[in-house]
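Asks: Chains as they are written, first to last, in this note's numbering: chain R, 6 to 177; chain P, 30 to 307.
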Amino acid sequence: MKSIIRRLCFFLILLFLNSKLLNAQGKVSITEGWGYYELTNIGVRWNFSEISSLWLYGGTNFGLNNKTLWSAGLTFDQTFRKPLFWKLKPGYSLGALYWTSNDELYYFSTLSLPAMVFLVYPISESFMVRAEGGGVFNAVLSSDRKQNVEAGYPARANGNIRLSFIYNLGKK
Amino acid sequence: MRRLSIILLFIIILSSGGCEKIGYAPDNPFSGIPTMVLMHRGNGFNTAFHENTLPAAEYGLSVLDGIELDIQLSKDGTLWLDHSNEVKDCDGNSIGCFQEMTDDEIFAAAECDDTLRYHTLESVFQLIVAEYPESVISLDIKGQYCEIVNTKETMRKMAESVLALVDKYEMHNKVLVESNSVEFLQELDNQSSVGQCVVSLGDVDEGLANAAAVKAKGISLEYGVEEMNADVVDLIHSKGYGLILWVVNDPDDIVNAWNSKPDFIETDNAQFKDYISR
Numbered sequence: 006m007k008s009i010i011r012r013l014c015f016f017l018i019l020l021f022l023n024s025k026l027l028n029a030q031g032k033v034s035i036t037e038g039w040g041y042y043e044l045t046n047i048g049v050r051w052n053f054s055e056i057s058s059l060w061l062y063g064g065t066n067f068g069l070n071n072k073t074l075w076s077a078g079l080t081f082d083q084t085f086r087k088p089l090f091w092k093l094k095p096g097y098s099l100g101a102l103y104w105t106s107n108d109e110l111y112y113f114s115t116l117s118l119p120a121m122v123f124l125v126y127p128i129s130e131s132f133m134v135r136a137e138g139g140g141v142f143n144a145v146l147s148s149d150r151k152q153n154v155e156a157g158y159p160a161r162a163n164g165n166i167r168l169s170f171i172y173n174l175g176k177k
Numbered sequence: 030m031r032r033l034s035i036i037l038l039f040i041i042i043l044s045s046g047g048c049e050k051i052g053y054a055p056d057n058p059f060s061g062i063p064t065m066v067l068m069h070r071g072n073g074f075n076t077a078f079h080e081n082t083l084p085a086a087e088y089g090l091s092v093l094d095g096i097e098l099d100i101q102l103s104k105d106g107t108l109w110l111d112h113s114n115e116v117k118d119c120d121g122n123s124i125g126c127f128q129e130m131t132d133d134e135i136f137a138a139a140e141c142d143d144t145l146r147y148h149t150l151e152s153v154f155q156l157i158v159a160e161y162p163e164s165v166i167s168l169d170i171k172g173q174y175c176e177i178v179n180t181k182e183t184m185r186k187m188a189e190s191v192l193a194l195v196d197k198y199e200m201h202n203k204v205l206v207e208s209n210s211v212e213f214l215q216e217l218d219n220q221s222s223v224g225q226c227v228v229s230l231g232d233v234d235e236g237l238a239n240a241a242a243v244k245a246k247g248i249s250l251e252y253g254v255e256e257m258n259a260d261v262v263d264l265i266h267s268k269g270y271g272l273i274l275w276v277v278n279d280p281d282d283i284v285n286a287w288n289s290k291p292d293f294i295e296t297d298n299a300q301f302k303d304y305i306s307r
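#1: Throw me the rounded Cβ distance for the ASN173(R) and ALA160(R) pair, which I believe falls under 8 Å.
#2: Starting from the Cα of CYS226(P), find the closest Cα among VAL254(P), ILE62(P) and ASN209(P) and give me that residue.
#3: I need the boundaries of the alpha helix (DSSP H) containing ASP169(P), first residue and last residue.
#4: Among residues of its own chain, excluding the 5 on either side of GLY157(R), which ones have a beta-carbon nearer than 7 Å to its beta-carbon?
#5: Give the DSSP-derived three-state secondary structure of GLU28(P) in the structure shown.
#6: Compare the Cα-Cα distances from GLY63(R) to each of GLU55(R), SER57(R) and THR36(R) and report the closest residue.
#7: DSSP three-state call for ILE128(R): helix, strand or coil?
#8: Going by CA-CA distance only, name the one from HIS148(P), CYS119(P), SER167(P) and GLU134(P) that's closest to ASP142(P).
#9: Note down the Cα distance separating GLN30(R) from PHE53(R), rounded to an integer number of angstroms.
#10: Please list, in chain order, the chain P residues whose beta carbon lies closer than 7 Å to that of PRO159(R).
#11: Contact defined as beta carbons within less than 8 Å: I believe ILE273(P) pairs with TRP287(P). What is the distance between those atoms, to the nearest angstrom?
#12: Does DSSP put MET121(R) in a helix, in a strand, or in coil?
#13: Report yes or no: is there a C-beta of chain R within less than 8 Å of the C-beta of ALA240(P)?
#14: Restricting to runs no shorter than 4 residues, where is the alpha helix (DSSP H) found entirely within the segment 103-176 of chain P?
#15: Just tell me which of ASP234(P), GLY95(P), GLU134(P) and LEU150(P) has its CA closest to the CA of LEU110(P).
#16: Would you kindly work out how many angstroms separate the C-alpha atoms of MET121(R) and ASN163(R), rounded to a whole number?
#17: Using a Cβ-Cβ cutoff of less than 8 Å, which residues in the same chain neighbour ALA299(P) once the five nearest sequence positions on both sides are dropped?
#18: Buried or exposed: LYS151(R), going by 16 or more other Cβ atoms within 10 Å of its Cβ?
#19: If you measure between the beta carbons of LEU102(P) and LYS186(P), is that distance less than 8 Å?
#20: Using a 10 Å radius around the Cβ and a threshold of 16 neighbouring Cβ atoms, would you call ILE283(P) buried or exposed?
#21: Using Cβ-Cβ distances below 8 Å, what residues of the segment 144-158 of chain R are close to chain P?
#22: Nearest CA to the CA of TYR270(P): which residue from MET257(P), VAL233(P) and VAL277(P)?
#23: At which residues does the alpha helix (DSSP H) containing ALA54(P) begin and terminate?
#24: Ordered along the chain, which non-local residues of its own chain (more than five positions away) have a Cβ less than 6 Å from that of ALA240(P)?
#25: Who are the neighbours of PHE113(R) on chain P, taking C-beta pairs under 8 Å?
#26: Would the beta-carbon of ASN285(P) fall within 8 Å of that of THR296(P)?
#27: Whole angstroms is fine: what's the gap from ALA242(P)'s alpha carbon to ASP263(P)'s?
#28: May I have the straight-line CA-CA distance separating SER169(R) from GLN215(P), to the nearest angstrom?
#29: In chain P, which residues lie less than 9 Å from SER106(R) when you measure between Cβ atoms?
#30: At the 8 Å Cβ level, is LEU272(P) part of the contact set with chain R, yes or no?
#31: Just to make sure I have the definition right: I need the residues of chain R whose C-beta is within less than 8 Å of the C-beta of LYS268(P). Which are they?
#32: Determine which residues share a DSSP beta bridge with GLN220(P) and list them.
#33: Leaving out five residues before and five after ASN57(P) in sequence, what residues of the same chain have Cβ atoms less than 8 Å from its Cβ?
#34: What number of angstroms, rounded off, separates the C-alpha of GLY78(R) from the C-alpha of CYS48(P)?
#35: On a CA-only basis, which of SER113(P), ASP260(P), HIS201(P) and LEU237(P) is nearest ASN153(R)? Give me that one, please.
#36: What residues from chain R crowd round ASP303(P), counting only those whose CB sits closer than 9 Å?
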C-alpha cells in the first residue's frame, strides 16, 4: 500500500511540475475534497473532452480515531452540458477504489466500485465545487483479524457521499 | 429540469445515510454443543461403498455420530443423494440433470450390476429413525449448475422438500443443512427444526458476515482456511453461531480440530475417535 501511495504522490508531483504545458491545453484540474470512502483526498482530473474526465486520487484519514485508512481510486465521470438551474450542472461517475483499514481489531484491504450522481457548481471560471451521492459495492481482497473478541466485515453495499473542490489549471 | 435536480439532491442526501464501512457482529452468546463427528459422504475413505448411497450412509451411521450427504432435487420434487448435479448411466456418461428428470427416470438409471447407484434421502431418514435415532445428518445442498433456468425456484423447492421430509419423519433438531444458496437459506430462516449453516469458502469473518446476511444459525467452514483453535470457536459462539468444520482427516488435524471444540466435524477417517482418545 505504501508503494502505491508513493507512486501516486510521484505522479501528482510530475503533473504539477508539468502544469504549464497542461495549462496551455486546459485539460487538467487539481482536486481536493472529502468522501466517506475516498477520505480526505487530493487528486488530478484529466478532462479529455468537454463533458468527460478521468479522476485519479488518493486519500487518508490521517490516523484519526485510532484507525488508519488509506484510499486510492480512478473514476470516470460525465457532466451534462446544460445547467439544471442556477448554473448547477448534473452528472454521473463510475469508478474503482482501493482502500485499506487498519486498527487494533482488523486489517482489511478492499476493492470498491462507486456509482455516483453529482451536482457541480462553478464558483468562478477556474474553480468549481461538486457534491456527489450514490452507492459503493465492496469486495474484500485480504483481511487479518488481530483478536478473537470482535468479528467484523466490510459492508458489501453501502451509501457514499463526497464533496470536491476542483481547480481547473487551464482557465484564467 | 427542476424535478431532476430535486431527485439528484435527494439521492445525494440519501447517500449520506450509509452504514458503517465495517459492520461488527453483536454479542449473542451460544454455549455450543458437545462436538459430534460426521462421516463425509456417508462412507468416507471406505471404498467398499459408493459415496452418497444408502449402504454408505448405513456404514457411516454405524461408525460415527452421524453422516454428511450431498443432496439433489428431481423434477418430481424428491430429494436424491449425489454429489454431481448430473445423472449418469452405468458407464459414467451424463444422461441429464436431476431437476430435469422424473423419479422413474432416475430410478431406471440407478441400477448397475444389480446394485442401486442412486438412493433417496427419504430412505436414509427411514434408516435413521428405525436404527440410529440418536444420530444426526448434515445435508450438503449442492448448487443446481446443470440447468441454470429457474435455479432460485429450484433452491426454494429443495428447502420446502427438506422441511417436509423432516416433519414427516419427526427428525427435528437432528438435521443440518449446508448451503451457500441465498434462496435456499432464506426459505429456512423462520423455522427451528433444521439447523441451517452457510458454507463459507473464505475465512471465519466472511462466514459470519454471510451467516448474518441470510440469518443462518451457523457457518460451515473448510478446515485449514485459517488457524483454528478454541478461541476462534469461542468467538463464533459468542456471536450466536454454530460451527461445522470440513473435512478433517489428518491425525494431527483431527486432534487440533477436536481440541478447538467446534459443534460438528466432518471426516473421511473412520479412525477419527481413536486419535482423540489417545
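A virtual CB, placed ideally from N, CA and C, is assigned to each residue, including glycine.
Replies: Result, derived from the coordinates:
#1: Incorrect: roughly 35 Å between the Cβ atoms, too far for contact.
#2: Nearest neighbour of CYS226(P) by Cα position, chosen from VAL254(P), ILE62(P) and ASN209(P), turns out to be ASN209(P).
#3: From DSSP, ASP169(P) is part of no alpha helix (DSSP H) but of the beta strand (DSSP E) over 165-170.
#4: LEU110 and TYR111, listed in sequence order.
#5: The question about residue 28(P) has no answer here: the residues shown for chain P are numbered 30 through 307.
#6: When each option's Cα is compared against that of GLY63(R), the closest is THR36(R).
#7: Coil at ILE128(R), not helix or strand.
#8: Here the closest residue by C-alpha is CYS119(P).
#9: With a pLDDT of 47 at GLN30(R), under the threshold of 50, the predicted position of this residue should be treated as unreliable, and no value is reported.
#10: Within 7 Å Cβ-Cβ: LYS50 and ILE51.
#11: Going by Cβ atoms, the distance from ILE273(P) to TRP287(P) rounds to 14 Å, so no, they are not a contact pair.
#12: Strand.
#13: Not an interface residue.
#14: Within the segment 103-176 of chain P, the complete alpha helix (DSSP H) runs of at least 4 residues are 132-139 and 150-160.
#15: With distances taken between Cα atoms, LEU110(P) lies closest to LEU150(P).
#16: Their backbone Cα atoms lie some 12 Å apart in a straight line.
#17: Within the same chain, MET68, GLY73, PHE74, ASN75, VAL92 and LEU93 come within 8 Å of ALA299(P) by CB-CB distance, once the 5 residues on both sides are set aside.
#18: By the beta-carbon neighbour count (other beta carbons within 10 angstroms, threshold 16), LYS151(R) is exposed.
#19: Yes, these two residues count as a Cβ contact at 8 Å.
#20: Classification for ILE283(P): buried.
#21: Residues passing the 8 Å Cβ filter: VAL145, SER148, ARG150, ASN153, VAL154, GLU155, ALA156, GLY157 and TYR158.
#22: Measuring from the Cα of TYR270(P), the nearest candidate turns out to be VAL233(P).
#23: For ALA54(P), no alpha helix (DSSP H) run applies, since DSSP gives it neither H nor E.
#24: Sequence-distant partners of ALA240(P) (beyond 5 residues in either direction) whose C-beta falls short of 6 Å from its own C-beta, in its chain, are VAL227, ILE248 and TYR270.
#25: Listed along chain P are ILE51, each with a C-beta nearer than 8 Å to that of PHE113(R).
#26: Cβ distance not < 8 Å, so ASN285(P) and THR296(P) don't count as in contact.
#27: Per the coordinates, the alpha-carbon of ALA242(P) lies some 21 Å from the alpha-carbon of ASP263(P).
#28: So the alpha carbons of these two residues sit roughly 41 Å apart.
#29: Residues of chain P passing the Cβ test: LYS50 and ILE51.
#30: Nearest CB-CB separation between LEU272(P) and chain R: not below the 8 Å threshold.
#31: Here the neighbours are ALA156.
#32: None, per the DSSP bridge assignment.
#33: Within the same chain, ASN57(P) has close Cβ partners SER267, LYS268 and GLY269.
#34: Distance between the alpha carbons of GLY78(R) and CYS48(P) is about 21 Å.
#35: Comparing C-alpha distances from ASN153(R) to each of SER113(P), ASP260(P), HIS201(P) and LEU237(P) shows the shortest one belongs to ASP260(P).
#36: Per Cβ cutoff of 9 Å: no residues; ASP303(P) is ~30 Å from chain R at best.
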